[in-house]
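Residue numbers (our numbering), protein chains in the order written: chain A, 31 to 287; chain B, 724 to 968.
Written out as structure tokens, the structure reads:
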């Protein structure tokens, strides 16, 4: 059984894929900060879509993939959007003469920023191999313990997903997907328990395998990352673009538009 | 006669729950020998390998190249003894194959250049050079098995211990594994239920049952002894009886 959900497109080759992970992490981080810094009633202009669009299109990431993954995490934001629309009654001027309820503007800006932010993050995760992403994070000063946890999560998530699938299939083979709901809930609790115990056993066996190869509490990696001209260029272009975006907004704010 | 590479005297090991796994094992393996270790489930095969690699410390003495395995010397011994676990998923824990192969050599304190050389050599030995950048979950079971062996070969151990190396392999992958293991010029102890694999690779076989070595001798004699095999829950194996593709 194979699971390639997270890194499905990360093993392609494109100029975006070839960028140093640190450049992409810093670029996406700066873009996210600019998105977050917009006011409650500020709608992002169409230019805000340029950054994620370039990463996705140049990186060869299909838009359906972005849409699908954005939809998967959207329930978290939908609540925020709905409550904004209900509770924010402050009147807001849109354009030259139109005044609307502030909640609608807040809901729209939250939704648009969510979609843009997700597009940028998916572009980062889909054009960077996860091990390289972790190496980039570690180089940028993210605590080693956290990166190690993520490293193991990435390695064993797929194994655990396989085991969960096997357990579910074994259950379905015996109950045919039917049976009383109460009984099914009980068996689900049992499955979770079995998975938990297997996780612990797996951790123990992996730890032994690590010790057998000289592990002393620190994971040391070779193959250091190298910043190239293209990475500096990417960072400079991203910085200039974000300054222009934010500057444009500030100017419009001053002009009262 | 020169000293054996591995020398075990009176090795006993009891698990924390009080279950005795080894009850006084005596054995010696000479340099360059490939020895099979067969026995029923729960006979102590895996525990014996764990004790030899220093992961479990039992009673009695274990000597590798004449150096006795003690708590203080365990780190040095682990660099000399390589253990290939039954499940490659236990053994391959790094995000990419290259990182996994480098894990042992880096921990041995080798320089970056030496580590890269070890990684290339081990990958080449197990035909994995084209897969170095792949994460383990992108490999087939046969490739994972080869990768697990390569991760140990990269440490250049003097003694290679293998726990059920052919489990979960299809016939083609199993046959390739046998060819690769036969080509390795290393001292090996192979614990397996796969008697055909043991028969093809080892000239000497030991039978372990209830934590004791109950037979030790030439492969054809031991695996062909119907009374002995039946008594210890095993099957008879005779040369030339395995199927070929």
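For glycine and all other residues, C-beta sits at the position ideal for the given N, C-alpha and C.
This structure is a prediction, so every number in the text was calculated from the model and none was measured.
> Apart from the five residues on each side of it in sequence, which residues of its chain come closer than 6 Å, Cβ to Cβ, to residue 61/A?
Replying inline: Contacts found: 81, 150.
> For residue 84/A, which option in 177/A, 273/A, 268/A has the closest C-alpha, if you only look at C-alpha atoms?
Replying inline: 268/A
> Looking at residue 47/A and residue 129/A, is the spacing between their C-beta atoms short of 8 Å?
Replying inline: Residue 129/A is not a Cβ neighbour of residue 47/A, given a cutoff of 8 Å.
> For residue 862/B, is the beta carbon positioned less than 7 Å from some heavy atom of the ligand SAH?
Replying inline: Annotation note on the ligand SAH: not contained in the displayed structure, which lists no ligands.
> Taking the runs of the alpha helix (DSSP H) that are 4 residues or longer, which of them lie wholly in the segment 210 to 281 of chain A?
Replying inline: The segment 210 to 281 of chain A contains these whole alpha helix (DSSP H) runs: 211 to 242.
> When DSSP builds the beta bridges, which residues end up paired with residue 736/B?
Replying inline: 745/B
> For a contact meaning CB atoms closer than 9 Å, what does residue 246/A contact in chain B?
Replying inline: 798, 830
> Do you know offhand how far residue 242/A's Cα is from residue 931/B's?
Replying inline: Residue 242/A and residue 931/B: Cα-Cα distance of roughly 23 Å.
>> My parser needs the alpha helix (DSSP H) runs of 4 or more residues fully inside the segment 116 to 148 of chain A; what are they?
In response: none
> Along chain A, in chain order, which residues have C-beta atoms closer than 7 Å to that of residue 801/B?
Replying inline: Those within 7 Å of residue 801/B in chain A are 242, 244.
> Using Cβ-Cβ distances below 9 Å, what residues of the segment 214 to 231 of chain A are close to chain B?
Replying inline: So nothing in the stretch comes that close.
> With 16 other CB atoms within 10 Å as the buried threshold, where does residue 801/B fall?
Replying inline: buried
> Taking 8 Å as the CB-CB limit, is residue 39/A close to chain B?
Replying inline: no
>> For residue 785/B and residue 731/B, which I take to be in contact (beta-carbon distance under 8 Å), what is that distance rounded to the nearest angstrom?
In response: 5 Å
> Less than 8 Å separating the beta-carbons of residue 922/B and residue 879/B?
Replying inline: no
> Name the chain B residues that come within less than 7 Å of residue 239/A, Cβ to Cβ?
Replying inline: The CB of residue 239/A comes closer than 7 Å to the CB of 808, 813, 814, 816 in chain B, given here in chain order.
> Which residue or residues does DSSP assign as beta-bridge partners of residue 914/B?
Replying inline: 760/B, 886/B
>> Can you tell me where the alpha helix (DSSP H) holding residue 950/B begins and where it ends?
In response: Where residue 950/B is concerned, the enclosing alpha helix (DSSP H) stretches over 949 to 954.
> If you draw a straight line from the alpha carbon of residue 865/B to that of residue 815/B, how long is it in whole angstroms?
Replying inline: Going from the Cα of residue 865/B to the Cα of residue 815/B covers about 13 Å.
> Going straight from the alpha carbon of residue 154/A to that of residue 857/B, what length do you get?
Replying inline: 19 Å
> Which residues bound the beta strand (DSSP E) around residue 806/B?
Replying inline: 804 to 807
>> When you compare the CB of residue 967/B with every CB in chain A, is at least one pair closer than 8 Å?
In response: The predicted position of residue 967/B is uncertain, since its pLDDT is 44 and thus under 50; a value taken from the coordinates is nonetheless stated next. Between residue 967/B and chain A, the shortest Cβ-Cβ separation is not below 8 Å.
> Are the Cβ atoms of residue 37/A and residue 159/A separated by less than 8 Å?
Replying inline: Their beta carbons are under 8 Å apart, which means residue 37/A touches residue 159/A by this criterion.
> How do the segment 129 to 142 of chain A and the segment 103 to 118 of chain A stand: do at least 3 beta-carbon pairs fall below 8 Å, yes or no?
Replying inline: Flag = yes, the segment 129 to 142 of chain A and the segment 103 to 118 of chain A touch.
>> Between the alpha carbons of residue 87/A and residue 45/A, how many angstroms are there, rounded?
In response: 11 Å
> Which residues bound the alpha helix (DSSP H) around residue 770/B?
Replying inline: Element bounds for residue 770/B: 768 to 775.
>> For residue 233/A, tell me which candidate among 90/A, 58/A, 185/A, 166/A has the shortest Cα-Cα distance.
In response: Between residue 233/A and the set 90/A, 58/A, 185/A, 166/A, the nearest pair of CA atoms involves 185/A.
> Between residue 776/B and chain A, is there a C-beta pair that is closer than 8 Å?
Replying inline: yes
>> Quick check: is the beta carbon of residue 298/A nearer than 8 Å to any beta carbon in chain B?
In response: What the structure shows of chain A is the stretch from 31 to 287, and residue 298/A is not part of that stretch, so it cannot be assessed.
> Quick one: Cα of residue 202/A to Cα of residue 740/B, how far?
Replying inline: 35 Å
> Would you say the segment 763 to 783 of chain B touches the segment 734 to 752 of chain B, given that touching needs at least three Cβ pairs under 8 Å?
Replying inline: yes
> How about residue 860/B: is its C-beta nearer than 8 Å to some C-beta of chain A?
Replying inline: Interface residue, yes.
>> What does the alpha-carbon distance come out to for the pair residue 278/A and residue 263/A?
In response: 22 Å
> Beta carbon of residue 775/B, beta carbon of residue 729/B: below 8 Å?
Replying inline: yes
>> Which residues in chain A have a C-beta closer than 8 Å to the C-beta of residue 922/B? List them in chain order.
In response: Those within 8 Å of residue 922/B in chain A number zero; the least Cβ separation is about 27 Å.
> Hey, would you say residue 823/B sits closer than 8 Å to residue 235/A, going by beta carbons?
Replying inline: Taking 8 Å as the Cβ cut-off, residue 823/B and residue 235/A do not qualify as a contacting pair.
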